[in-house]
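Novice:
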Amino acid sequence: MNKPQIYKSNALIKASYRLTPAEQRIMLACIAQVRRDKPITDEVLYDVTVADYAALVGTGSHSTYKELADAALRLKRREVWITERPNGEGSHEETLITGWVQSIRYRKNEGRIQLRFTKDMLPYLTQLTEQFTRYSLSDVAKLTSSHAMRLYELLCQWRDAGHREVEIDWLRDAFQLGDKYPVLKDLKRRVIEPAVTQLNEHSPLWVKWEQRKTGRRVSHLVFTFGEKNSKAAQSPLKGKSRTKTMGKHHSASGAMYGIPQSVIEEKALPGESYDEAALRLLGEAQHK
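Here our numbering is used: position 185 in the sequence shown is 315, and no number is missing along the way.
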């Protein structure tokens, strides 16, 4: 069975907005239903059931209709700021401020809700032939951080390159952080590091990051990433095991950059840290 796919205009991927994980899941469940082979209007309703929502959350039957309905109502009140250049070119940027959803229909007895996109949102979701980003709905199903979901989309936009550099100020605006975490160390501890950890543990990508300075000020974050289904992650490797030094990019299971803990421990060289061993194995796999 084909996995439900998410298609978004790159302008929407880079837009400034803030959604909770619950609101994100509802939005993505609706986007996955959009037909790309024919025009649609803002009259089309998209269904999300409690069962659909529970499947995305991965909590079985624990999700309730009220949880779904409350998240949908919050979504109705959210704004998204989309900035782009006319016709993809031009020297003057234009910013559109719109909502995601124009109306909600509650069907409590049936355990489902129905959403209708705003008219302004449709061009960023339908009839996309270029400058769009695609990923599977299941890729973000286990992510519980809204920042991790946004970061995953931003990286997917540059998936073929495996490298993306962003200005910290731009990222703050895209995530609509406002006055939160004005100190860089707090931004890294509360936003960047938890998001990267979740992607390394629950998404199809391994991710590592570093910071770059402009003068004396840290101005950019640089992300390097790739698919976890690398040869290093799949090949059974033999060798002496060693005690690992835990690094900031490993998951709760011990995996790092998609490489299982057992593989890293077995292939680590004398004097090599856990992080260094993982990066070396990753590089070797990419050059095979």
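A virtual CB, placed ideally from N, CA and C, is assigned to each residue, including glycine. Note that the structure is a prediction, hence the values are computed from the model and not measured.
Using a Cβ-Cβ cut-off of 6 angstroms (strictly less than) and excluding sequence neighbours within five positions of H350, which residues of its own chain qualify?
Specialist: E295, E297 and R342, listed in sequence order.
Novice: What are the start and end residues of the beta strand (DSSP E) that includes R342?
Specialist: Start and end: L335 to T344.
Novice: Specify, as a first and last residue, the run of the alpha helix (DSSP H) that V326 falls within.
Specialist: Looking at the DSSP string, the run of the alpha helix (DSSP H) that includes V326 is E323 to H332.
Novice: Closest Cβ-Cβ distance between H332 and chain C: below 8 angstroms?
Specialist: Considering every chain present, this structure includes no chain C. It has just one protein chain.
Novice: How is K249 classed by DSSP in three states: helix, strand or coil?
Specialist: In the structure shown, K249 sits in coil (DSSP, three-state: anything other than H, G, I, E or B).
Novice: Measuring alpha carbon to alpha carbon, tell me which of M157, V352, G292 and K206 ends up nearest G229.
Specialist: It is K206.
Novice: What first and last residue would you give for the alpha helix (DSSP H) that runs through H277?
Specialist: Unbroken alpha helix (DSSP H) run through H277: S276 to C286.
Novice: Work out the CA separation of R346 and V164 for me, nearest whole Å.
Specialist: Each residue's alpha carbon lies about 47 angstroms from the other.
Novice: Going by DSSP in three states, K138 sits in which element: helix, strand or coil?
Specialist: Reduced to three states, the DSSP call for K138 is strand.
Novice: Closest to A291 by C-alpha separation, out of P253, F353 and V178, would be which residue?
Specialist: Comparing Cα-Cα distances from A291 to each of P253, F353 and V178, the minimum goes to F353.
Novice: Distance, Cα to Cα, V326 vs V210?
Specialist: The straight-line gap from Cα to Cα measures roughly 24 angstroms.
Novice: What does a CB cutoff of less than 6 angstroms around S233 pick up in its chain, not counting 5 residues either side in sequence?
Specialist: Here the set comprises R246.
Novice: Whole angstroms is fine: what's the gap from L317's alpha carbon to A185's?
Specialist: Spanning the two alpha carbons is a distance of roughly 31 angstroms.
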